[in-house]
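Residue numbers (our numbering): -11 to 163.
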């Protein structure tokens, strides 16, 4: 069984409202592990690190080595990557990026989305292209898919209730 070892990247990159800890700031309770581990809040209790949960990912994918962590938010149709503040583009290099593109196809085939968070900056990763969404609040409500006219075109919508707040379109992909 894998262990976190010295890695505390989740303690830095995740937004934990119960601790008033924003994404990108190291938790005050992180000190060679978690000082409040037995009493940690629910988001910390339920978080599962993708590297810990996926033995097939090699040591290079360990979050403190890769510069990002992987979060499976399957209930919301999402696969998320949260980057270290000092390494916002770590996910874009080999061997990571080619595999992330494979995952994006798998997630999109299941009508989901792969999102990369670099602090509040969010990128939607489609198999065909990456769409920078800019700064968004934590846990944005997004609708992701394709417009199908003479091929298809990646589409991301930011929603507030049933209203579209903002929309991003990718490049036209000919059939």
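Backbone N, C-alpha and C fix where the C-beta goes; we use that ideal spot for every residue, glycine too.
Secondary structure at residue 100: coil, using DSSP grouped into helix, strand and coil. Residue 81 carries a coil assignment under DSSP once its states are collapsed to helix, strand and coil.
By the Cβ neighbour-count rule, residue 0 is buried, with 16 or more other Cβ atoms within 10 Å of its own. Excluding residues up to 5 positions away in sequence, 108, 109 lie with their Cβ nearer than 7 Å to the Cβ of residue 123 in the same chain. Annotation: the continuous beta strand (DSSP E) that includes residue 68 extends over 66 to 71. For residue 34, the enclosing alpha helix (DSSP H) covers residues 30 to 34. Judged by DSSP in its simplified three-state form, residue 117 adopts coil rather than helix or strand.
It is roughly 27 Å from the alpha-carbon of residue 140 to the alpha-carbon of residue 60. In the displayed model, residue 14 falls within coil according to three-state DSSP, outside both helix and strand.
By the Cβ criterion, the region 71 to 80 is not in contact with the region 31 to 41, since fewer than three pairs of Cβ atoms, one from each stretch, lie closer than 8 Å.
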